[in-house]
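Quick note: the sequence shown uses the working numbering, first residue 2, plus one each step. Virtual Cβ for every residue (Gly too), placed ideally from N, Cα, C.
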Amino acid sequence: GIMSCAEGEKVVLPDAAALETWKNLCSVNENCAKSIAIAAQTTQNLSEWKKSINFIKKVYTNAEIFDTICKVTQLRQEEAASLARESDIMLVIGSSDSSNSGKLRDISAKYCRNVYFVGGAEDCKHIRVEPQSIMSITAGASTPDSVIQEVYETMNEHENFAELLEASMKTLNTGDTVTGIVTFVSDSEIQLDLGTNVTGYIKAEQI
Numbered sequence: 002g003i004m005s006c007a008e009g010e011k012v013v014l015p016d017a018a019a020l021e022t023w024k025n026l027c028s029v030n031e032n033c034a035k036s037i038a039i040a041a042q043t044t045q046n047l048s049e050w051k052k053s054i055n056f057i058k059k060v061y062t063n064a065e066i067f068d069t070i071c072k073v074t075q076l077r078q079e080e081a082a083s084l085a086r087e088s089d090i091m092l093v094i095g096s097s098d099s100s101n102s103g104k105l106r107d108i109s110a111k112y113c114r115n116v117y118f119v120g121g122a123e124d125c126k127h128i129r130v131e132p133q134s135i136m137s138i139t140a141g142a143s144t145p146d147s148v149i150q151e152v153y154e155t156m157n158e159h160e161n162f163a164e165l166l167e168a169s170m171k172t173l174n175t176g177d178t179v180t181g182i183v184t185f186v187s188d189s190e191i192q193l194d195l196g197t198n199v200t201g202y203i204k205a206e207q208i
């Protein structure tokens, strides 16, 4: 999408290492003396984007840098990394065609040895959770809430995982008055942290 709006000479590079390689290849070319602008795919890995910016600033003193990474995507990537550091098993829910979900998988794999990339509940049946294992679940921004809930319920059916959840989850009952922290707002719903292992949802028409 960004490339379709760009004029003049342009190139797409996947990460900071590729950017440096491209610069070295064109170092004898007058193109390197021209002004340069850099932008990122909205779901680009945040750490790679920062590395790319640092490299560009060192090489081009007059570079124009457009921070085009989606803030929601940035937050999810940071949260995925934080969860993966503390987990024995990491589930990433999303479509195999989703760049956003794929990057969450790659980020999680840096910090957790057992990462499963699942598209839905059917993909979870082969996953075994050992007693005392710490499992975390994250999902791409475009993953429907219904799919996330199905995956959660499927994993909850695993006897040992259900025991872990029961031991760690605060009990909430219908009619309770609770205090929550708003973690995400969209046109269709508000998501809340209720101090449990389950995210709370309030539909727009219920607000």
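Proximity of residue i and residue j at Cβ, strictly below 9 Å
i      : j      : result
Trp50  : Ala41  : yes
Thr155 : Lys104 : no
Cys113 : Ser88  : yes
Leu1   : Ile128 : Residue 1 is absent from the structure shown; the chain starts at 2 and stops at 208.
Thr144 : Ile94  : yes
Ala17  : Lys52  : yes
Ala191 : Ala205 : According to the sequence shown, residue 191 is Ile rather than Ala. Yes.
Thr184 : Thr200 : yes
Asn63  : Ser96  : no
Val60  : Lys11  : no
Three-state secondary structure assigned by DSSP to residue i
i      : result
Gly201 : strand
Gln133 : coil
Leu20  : helix
Ile108 : helix
Tyr153 : helix
Ile182 : strand
Glu65  : strand
Asp124 : helix
Glu80  : helix
Val12  : coil
Thr74  : helix
Gln207 : helix
Ile90  : strand
Ile57  : helix
Asp211 : Here the chain has residues from 2 to 208 only, and residue 211 is not among them.
Ile191 : strand
Asn101 : helix
Asn46  : coil
Ala85  : helix
Ile3   : helix
9 Å Cβ cutoff, residue i in contact with chain C
i      : result
Cys113 : Going by chain labels, chain C is absent from the structure shown, which holds only one protein chain.
Supposed close pair residue i, residue j - CB separation, criterion 8 Å
i      : j      : result
Leu47  : Ile70  : 6 Å
Leu20  : Phe56  : 6 Å
Val116 : Ala110 : 5 Å
Val152 : Val119 : 6 Å
Leu173 : Leu195 : 7 Å
Neighbour-count burial assignment, residue i, 16 or more Cβ in a 10 Å radius
i      : result
Thr22  : exposed
Arg106 : buried
Met136 : buried
Thr139 : buried
Asn1   : No answer is possible for residue 1: it lies beyond the span of the chain, which begins at 2 and ends at 208.
Gly2   : exposed
Gln78  : buried
Ser99  : buried
Leu84  : buried
Cys74  : In the sequence on display, residue 74 carries Thr and not Cys. Answer is buried; the Cβ neighbour count reaches 16.
Ile149 : buried
Gly141 : buried
Ile90  : buried
Ala7   : exposed
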